[in-house]
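In my numbering, the protein residues as written are 1 to 70.
Some notes on the structure that comes next.
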Amino acid sequence: MTTSPPDIHTSTQEERLAYVREVWECQFDCKLCGKCRILRGRNAEELYADYISGKCSYMKITLQIRDNIL
């Protein structure tokens with residue numbers, strides 16, 4: 001697993017999409033994983049669409065999710 005998200009200026013859309021899919025992959029163990037609770041049942045690819053398309057940083061979107069803006 002990649003440790004940090006690919007930079008939007010030096011990566012391809014496919015690399016960013018692969019990162020989002022890898023990081024937010026369902027572990028099928030909600031009690032231990034918690035990813036579903038963070039996303040509140042929403043699709044990670046949709047939430048991170050601006051990151052995937054190169055419009056916004058991964059961290060900015062993550063903070064918006066945390067702050068309930070998205």
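Heads up, the beta-carbon is just placed ideally off N, CA and C, and yes, glycines get one too.
Requested in this report: Work out the CA separation of Glu45 and Ser11 for me, nearest whole Å.
Outcome: In the sequence shown, residue 11 corresponds to position 11, counting from 1. In the sequence shown, residue 45 corresponds to position 45, counting from 1. So the two alpha carbons sit approximately 17 Å from each other.
Query raised in the report: Using the C-alpha atoms, what's the distance from Ser57 back to Asn68?
Result: What you label residue 68 is simply residue 68 of the sequence shown in a count that begins at 1. What you label residue 57 is simply residue 57 of the sequence shown in a count that begins at 1. Whole-angstrom Cα-Cα distance: 17 Å.
Query raised in the report: Alpha carbon to alpha carbon, how far is Asn8 from Leu63?
Result: Looking up residue 8 in the sequence shown gives position 8. Looking up residue 63 in the sequence shown gives position 63. Note that residue 8 is Ile in the sequence shown here, rather than Asn. Those two C-alpha atoms are separated by around 16 Å.
Query - Buried versus exposed call for Arg16 [16 or more other C-beta atoms within 10 Å across all chains shown] - result: Counting from one through the sequence shown, the residue named residue 16 turns up at place 16. So Arg16 counts as buried.
Requested in this report: Just mark Leu32 as buried or exposed, buried being the case when its beta carbon has 16 or more other beta carbons within 10 Å.
Outcome: Residue 32 sits at position 32 when you count from the first residue of the sequence shown. Classification of Leu32: exposed, given that the 10 Å Cβ count is below 16.
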